[in-house]
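Colleague: FYI, the numbering for the sequence shown is 20 to 214, going by the working numbering. For each residue, glycine too, the CB sits at the ideal point set by N, CA and C. Got a structure here, written out as structure tokens. Questions coming.
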Amino acid sequence: MVAGFLVAIFPLIATPGASLALLTQNIAPHGPRRAIPVIAGTVTGIYTHALFAILGLSAAVMHSSQAFFVVRIAGALYLLFLGIWTWRTPRPSPSGSGPPRPAYRQALLSNVLNPKAASIYLTLVPQFVDPHQALSPQIAVLATAHALLITAWLVGWTAILVRAGRTLQSTTWAVAIRRAAAAVLVYLGIRTLAA
């Protein structure tokens with residue numbers, strides 16, 4: 020059950036998205052400590068979707084075209100706002116100085132407002148649960164496996180980004196990375212709007 024679910028969701032995790040953009044944007048100027056709130060926000064988002072699925076809220080949203088439309092538009096607008104904010108934000112202070120960015124909140128909202136993330140718990144999860152057993156523990160197990168896999172993926176990317184640390188902290192690279200992250204977020208927002 021769990022292994023099959025992980026195989027099914029890995030391509031979705033491996034596709035660059037908002038979590039990886041936020042990770043890169045936070046690690047490049049500030050170092051690996053800033054990976055923690057991004058990963059924590061992403062994992063909290065996964066558990067939020069799992070909870071919504073358990074409570075039936077995700078199903079209600081996905082089966083109501085108006086509710087799904089509102090969630091999709093809210094998610095798209097948030098990604099657009101985040102991308103524009105990232106593009107316009109001045110170069111961050113060197114590692115360890117300046118106020119921390121709200122990386123946890125950004126990662127959480129990016130995940131919770133992403134209809135694709137919600138659809139995992141409506142389209143994929145039902146294929147990997149036994150309808151004759153209690154659903155809540157099964158969904159919790161799958162959500163935990165999902166959280167562990169995405170954590171490992173983001174930790175791996177953190178290691179790659181840290182290895183390139185000095186290069187990434189140069190002014191030219193920091194600006195390029197911030198703008199690339201902003202472009203990814205804007206693209207994801209536009210793609211969500213157009214879906």
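Should L74 go down as buried or exposed, given a rule of 16 or more other Cβ atoms within 10 Å for buried?
Modeller: Exposed.
Colleague: Straight-line CA distance for T67 to A95?
Modeller: Distance between the alpha carbons of T67 and A95 is about 18 Å.
Colleague: Quick check on the burial criterion: 16 or more other C-beta atoms within 10 angstroms. Buried or exposed for Q44?
Modeller: Burial call: buried.
Colleague: Got a sec? Which residues, its chain only, sit under 6 Å from A166 by beta carbon, not counting five neighbours each side?
Modeller: Once the five neighbours on either side are set aside, the close Cβ partners of A166 are V62, I65.
Colleague: If you draw a straight line from the alpha carbon of L212 to that of P134, how long is it in whole angstroms?
Modeller: Those two C-alpha atoms are separated by around 11 Å.
Colleague: Quick one: grab the DSSP three-state call for V165.
Modeller: Note on residue identity: the sequence assigns His, not Val, to residue 165. H165: helix per DSSP, three-state reduction.
Colleague: Could you name the residues of the same chain whose beta carbon sits closer than 8 Å to that of A122, not counting the 5 residues immediately before and after it, in chain order?
Modeller: Cβ within range, chain order: L41, N45, R53, P56, V57, G60.
Colleague: By Cβ distance below 8 Å, which residues in the same chain neighbour I158 in space, the five residues on each side in sequence not counted?
Modeller: Excluding positions up to five away in sequence, the list reads A69, A72, I73, Y140, V144, V148.
Colleague: Got a sec, what are the start and stop residues for the alpha helix (DSSP H) T215 sits in?
Modeller: Given that the chain is displayed from residue 20 to residue 214, the structure contains no residue 215 and the question cannot be resolved.
Colleague: Quick check: what's the CA-CA separation for W176 versus L39?
Modeller: Whole-angstrom Cα-Cα distance: 8 Å.
Colleague: Could you check the C-alpha separation between M20 and L173 for me, to the nearest Å?
Modeller: Straight-line Cα distance between these residues: approximately 23 Å.
Colleague: Let me check understanding here. Comparing Cα to Cα, which of A201, I179, P156, I209 lies closest to P51?
Modeller: Answer by Cα proximity: I179.
Colleague: Helix, strand or coil for L39? Go by DSSP, reduced to three states.
Modeller: Helix, per DSSP.
Colleague: Please report the Cβ distance between P35 and V160, rounded to the nearest whole angstrom; I am assuming they are in contact, meaning their Cβ atoms lie under 8 Å.
Modeller: In fact, because the Cβ distance is near 27 Å, the residues do not count as touching under 8 Å.
Colleague: Below 8 Å on the Cβ atoms is my guess for L25 versus A164; work out the distance and round it to an integer in Å.
Modeller: The pair is a contact, with the Cβ atoms about 6 Å apart (cut-off 8 Å).
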